[in-house]
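Engineer:
Residue numbers (this note's numbering), protein chains in the order written: chain E, 1 to 434; chain F, 1 to 434.
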């Protein structure tokens, strides 16, 4: 049994505890929690509930199709897609706890979406974005404190997402195994080209000079660190707490003869030591948690030399809101996309100067369209590796992320910073686009 | 008597209350507050004090030359410039309250700087920047609450700086009278070219379409509003509370036949009404005060349509520190350069998405070099309009600002934002540099 296979089972056990009403029911029709007298009164209640539910979401143009074929479309617009509930119990559960239950019911195949999944989810995001802010939402933002990603907890969280199998990620990531937003310098670019463009764009933003030293925080499968050493003549120390990614990256470094200039270290960002000219971190800050940003900043302050600079790319949001509980529990434990304000905790206490912030959310939406397409093309293979529920859960996660970036619920911040007073930098950005 | 002449007198009265030890003293040598026995003990005390003073500033490479020609240069490095104290009383005053007294003593000619004034001031900024952060400084930042720029107070503050005479600003600003950082797309650009480049750069970042409406907050002498109407085919409403700037801008609009498409309104940002496609504000936020940013943001939320976007350019800083008291009292009452974190108060409560932040501090340093050069070339004319003290005060202010940008103590943030979920935007910045 390969380590990946073990991880696969761990994923299934931890992420999807058996539901109480029994997935294993042979008939395939779960025992409803709510009695189902097909009477008019019940229908009236459900219609009322569905209407109220959709109004609470600021009336997105979506409809519901119930288990008996009846349709509810309270929106004034024609629905762009419909949720098809396969049984009454699922309908009630989703109405009462949609944030968690919708994802679970979708994964279990107890409901379907008739229409394009991304379009459906984007419609929901856009309706929510257009809703006026409420005082209760503002209050909740004020109370928000983020996740507790301790040293041990962080390792466990990362293991649950990234160590479920390199073979799985190979099916739908690009050849370089980059699992963060690409850069479509040209909209028609392939995913491989856009990921390569992203790496070079990041390196250009750091105006690296041969012989410099770079520390990478969260190196994934190693593509950026290897490219830095190969194409930019720098030496790299790349930190990661995903064991299987580190193993993969070390194999690549050895195979390419770069292992003398790239060191992959299995350790937490809090334990980074040494002094470097530049720091880079792509798609890792999301796993740190806002309450640890000062600690992250302290590490940067400790590790960057007097002319040090850095680039941090992170999924972000416009206002602090908690991660959707389904994503948090089933897909990405411990993840939190920061606001720009929260990100300033990385820089301000250490007097770093922020030089450049670029919001690349539309590039991440495009990246996710590519991933989703590749994922669908390999859905049969994924089902063999895991099960049908896993396929549906990841489809929803990828489509939901795509919709969130396309609809503006998620941002992608690429932030360049430097020690205060460093003047040996290009005075305009023009050469990034030359 | 022209209104400008009146303003000139108001400036002299308000900004420079007569010092207690008597500027009008005929002999030119003020009565020292401290007795001057030219004994060794006094010299030892003064040497100790100067050394302590410079160490407290983290030992910048500067020296002191005392009234009797003796020199104190405690720095290990050769001094890049020397402060020449013309009398003992001035030395003691500057040692005891440098933030305010240095500027006053320099303005009064009671001390001089031997060497390049910008180089001297930059050395001080760089030494301070290299100093480790102290807990007391961190505490002070925590207590910082910013200025009280009420409706009435703001008008008075703006009047004191901007209404001291168009003729004065004409002597050293570019022909378009732009009093904010230029954009040196090419380092060799003239000031006129760089100011024009700045205006077009700002317009390109707003991806304006002909027929759209733009609101400008703090329009100065009107150059941007006129260019928007002339070259970008939009209609503009430009707000300002500087009466003499508004009068100037209206004359230009009429002369150029643009008065049907550009309206200059003499009113506070808090009173802006109407609905616009875009908002622009250059070098005005510095006068708002951090505690009013939510109010500023509320105005933006009220005034921007569903696909609205905006650009705000403001002097900024890496950590919240109060404006130097001399600048605050003598030059720019009510001014405060925000941190990026403070600026998020403009956007986050209204769910605006920040799309782009560019730090252009080196461009402002270059702009100030041009201004200072032109100012020096017109120093005789300025002295005729005001007096020698005014010339020295403004020389110190311009040189000090240049040094602060060059040394990294001040930043220049240009922030582009939009309503959440606006996708009809260029996906890369490449066309800004095409």
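No residue lacks a Cβ here, since even glycine has one placed at the ideal position from N, Cα and C.
All of these numbers come straight from a predicted model, not from anything done at the bench.
Buried or exposed: residue 52 of chain E, going by 16 or more other Cβ atoms within 10 Å of its Cβ?
Structural biologist: For this step, residue 52 of chain E is matched to residue 52 along the first chain. Residue 52 of chain E comes out exposed.
Engineer: So is residue 286 of chain F in contact with chain E if we call contact Cβ pairs under 8 Å?
Structural biologist: Stepping through the second chain from its first residue, residue 286 of chain F is reached at position 286. Chain E contact via Cβ: absent.
Engineer: Could you check the C-alpha separation between residue 205 of chain F and residue 382 of chain E for me, to the nearest Å?
Structural biologist: Taking the second chain and counting its residues from 1, the one referred to as residue 205 of chain F is at position 205. Taking the first chain and counting its residues from 1, the one referred to as residue 382 of chain E is at position 382. Answer to the nearest angstrom: the Cα atoms are 44 Å apart.
Engineer: Based on DSSP bridge pairs, tell me the residues matched to residue 72 of chain E.
Structural biologist: Counting from one through the first chain, the residue named residue 72 of chain E turns up at place 72. According to DSSP, residue 72 of chain E bridges with E/64.
Engineer: In terms of DSSP beta bridges, what is residue 423 of chain E paired with?
Structural biologist: In the first chain, residue 423 of chain E corresponds to position 423, counting from 1. BP columns for residue 423 of chain E are empty, so no partner.
Engineer: Output, in chain order, the set of chain A residues within a Cβ distance shorter than 9 Å of residue 129 of chain F.
Structural biologist: No chain A appears in the structure shown, which is made up of the protein chains E and F.
Engineer: Would a C-beta distance cut-off of 8 Å place residue 417 of chain F and residue 309 of chain F closer than the cut-off?
Structural biologist: To locate residue 417 of chain F, count along the second chain from 1; it is residue 417. To locate residue 309 of chain F, count along the second chain from 1; it is residue 309. Yes.
Engineer: Can you list, in chain order, the residues of its chain with a C-beta nearer than 6 Å to that of residue 74 of chain E? Leave out the 5 residues immediately preceding and following it.
Structural biologist: In the first chain, residue 74 of chain E corresponds to position 74, counting from 1. Correct list, in chain order: 51 and 54.
Engineer: Is the shortest distance between the beta-carbon of residue 314 of chain E and the beta-carbons of chain F less than 8 Å?
Structural biologist: In the first chain, residue 314 of chain E corresponds to position 314, counting from 1. It does not; no Cβ of chain F falls within 8 Å.
Engineer: Just the Cα atoms here: how many angstroms apart are residue 173 of chain E and residue 223 of chain F?
Structural biologist: As a working mapping, residue 173 of chain E is identified with position 173 in the first chain. As a working mapping, residue 223 of chain F is identified with position 223 in the second chain. Taking the straight line from one Cα to the other gives about 50 Å.
Engineer: Determine the direct distance from the alpha carbon of residue 129 of chain F to that of residue 302 of chain E, and round the result to whole angstroms.
Structural biologist: One-based indexing of the first chain puts residue 302 of chain E at position 302. One-based indexing of the second chain puts residue 129 of chain F at position 129. Each residue's Cα considered, the two are about 16 Å apart.
Engineer: Compile a chain-ordered list of the residues in the stretch 309–343 of chain E whose CB is closer than 7 Å to at least one CB of chain F.
Structural biologist: For the stretch 309–343 of chain E, which is checked against every Cβ of chain F, the residues closer than 7 Å are 318, 319, 339, 340 and 341.
Engineer: Quick one: is residue 45 of chain E near chain F, going by C-beta distance under 8 Å?
Structural biologist: Taking the first chain and counting its residues from 1, the one referred to as residue 45 of chain E is at position 45. False, the Cβ-Cβ gap to chain F never drops below 8 Å.
Engineer: For residue 64 of chain F, collect the residues of the same chain with a Cβ closer than 6 Å to its Cβ; drop the 5 residues on either side in sequence, then sort them by chain order.
Structural biologist: For this step, residue 64 of chain F is matched to residue 64 along the second chain. Excluding positions up to five away in sequence, the list reads 50, 72 and 83.
Engineer: Counting Cβ pairs, one atom from each stretch, are 3 or more of them under 8 Å apart for the stretch 372–380 of chain F and the stretch 406–426 of chain F?
Structural biologist: These segments do not touch.
Engineer: Which of helix, strand or coil does DSSP assign to residue 126 of chain E?
Structural biologist: Translated into positions along the first chain, residue 126 of chain E becomes position 126. Helix.
Engineer: Does the beta carbon of residue 411 of chain E come closer than 8 Å to any beta carbon on chain F?
Structural biologist: Within the first chain, residue 411 of chain E is the residue found at index 411, counting from 1. Output row for residue 411 of chain E: interface = yes.
Engineer: Can you pull the DSSP bridge partners for residue 411 of chain F?
Structural biologist: Taking the first residue of the second chain as 1, we reach residue 411 of chain F at position 411. Looking at the DSSP assignment, residue 411 of chain F forms a beta bridge with F/316.
Engineer: By the three-class DSSP mapping on this structure, what secondary structure does residue 35 of chain E have?
Structural biologist: For the purposes of this step, residue 35 of chain E is taken as the residue at position 35 of the first chain. Model confidence at residue 35 of chain E stands at a pLDDT of 47, short of 50, so the residue's coordinates are unreliable; what they give is reported in the following sentence. Residue 35 of chain E: coil per DSSP, three-state reduction.
Engineer: Since residue 359 of chain E meets chain F, which of its residues come closer than 8 Å, beta carbon to beta carbon?
Structural biologist: As a working note, residue 359 of chain E is residue 359 in the first chain. Per Cβ cutoff of 8 Å: 353, 354, 355 and 356.
Engineer: Who are the near neighbours of residue 47 of chain E in its chain, counting only those whose CB is closer than 7 Å to its CB and skipping five residues on each side?
Structural biologist: Within the first chain, numbered from 1, the residue matching residue 47 of chain E stands at position 47. Answer for residue 47 of chain E: 72, listed in chain order.
Engineer: Using a Cβ-Cβ cutoff of 9 Å, what residues of the stretch 378–412 of chain E are near chain F? List them in chain order.
Structural biologist: Correct list: 406, 407, 408, 409 and 411.
Engineer: Any idea if residue 236 of chain F is buried or exposed, counting beta-carbon neighbours within 10 angstroms, 16 or more meaning buried?
Structural biologist: Counted from its first residue, the second chain places residue 236 of chain F at position 236. That one is buried.
Engineer: Using a Cβ cut-off of 7 Å, pull out every chain F residue sitting near residue 436 of chain E, in sequence order please.
Structural biologist: The requested residue 436 of chain E does not occur in the structure, where chain E is confined to residues 1 to 434.
Engineer: Strictly below 8 Å CB to CB, what residues from chain F border residue 348 of chain E?
Structural biologist: Here the question's residue 348 of chain E lines up with position 348 in the first chain. Within chain F, the residues near residue 348 of chain E are 318, 319, 339, 340 and 341.
Engineer: Quick one: which residues of the stretch 80–97 of chain E get their C-beta closer than 8 Å to a C-beta of chain F? List them in chain order.
Structural biologist: From the stretch 80–97 of chain E, no residue has a Cβ closer than 8 Å to chain F.
Engineer: Measuring CA to CA, which of E/132, E/68, E/97 and E/413 is closest to residue 88 of chain E?
Structural biologist: Here residue 88 of chain E corresponds to residue number 88 of the first chain, with the count starting at 1. Looking at the Cα atoms, E/68 is the closest of the given residues.
Engineer: Comparing C-alpha positions only, which one of E/122, E/328, E/91 and E/96 sits nearest to residue 60 of chain E?
Structural biologist: What you label residue 60 of chain E is simply residue 60 of the first chain in a count that begins at 1. Residue E/122 is the option with its Cα nearest to residue 60 of chain E.
Engineer: Can you list, in chain order, the residues of the stretch 360–373 of chain E whose Cβ is nearer than 7 Å to any Cβ on chain F?
Structural biologist: Residues passing the 7 Å Cβ filter: 362 and 363.
Engineer: Can you give me the C-alpha to C-alpha distance between residue 92 of chain E and residue 266 of chain F, rounded to a whole angstrom?
Structural biologist: Indexing the first chain from 1 puts residue 92 of chain E at position 92. Indexing the second chain from 1 puts residue 266 of chain F at position 266. Roughly 58 Å separates the two Cα atoms.
Engineer: Tell me, please, whether the stretch 381–398 of chain F touches the stretch 104–111 of chain F by the rule of three or more beta-carbon pairs shorter than 8 Å.
Structural biologist: The stretch 381–398 of chain F is in contact with the stretch 104–111 of chain F.
Engineer: Please check if any C-beta of chain E sits within less than 8 Å of the C-beta of residue 433 of chain F.
Structural biologist: The sequence position of residue 433 of chain F within the second chain is 433, counting from 1. Answer yes: the Cβ-Cβ gap between residue 433 of chain F and chain E drops below 8 Å somewhere.
Engineer: Quick test of the definition: if touching needs 3 or more C-beta pairs under 8 Å, does the stretch 289–307 of chain F touch the stretch 226–233 of chain F?
Structural biologist: Not touching, per the Cβ criterion.
Engineer: By Cβ distance, which residues of its chain are closer than 7 Å to residue 116 of chain E, with the 5 residues on each side in sequence left out?
Structural biologist: The sequence position of residue 116 of chain E within the first chain is 116, counting from 1. 81, listed in sequence order.
Engineer: Give me the subset of the stretch 101–127 of chain E whose CB atoms are less than 8 Å from a CB atom of chain F, sorted by chain position.
Structural biologist: Listed by position along the chain: 125 and 126.
Engineer: Are the C-beta atoms of residue 142 of chain F and some chain E residue less than 8 Å apart?
Structural biologist: Here residue 142 of chain F is taken as the residue at index 142 of the second chain, counted from 1. Unreliable placement is indicated for residue 142 of chain F, whose pLDDT of 45 sits below 50; no coordinate value is reported for it.
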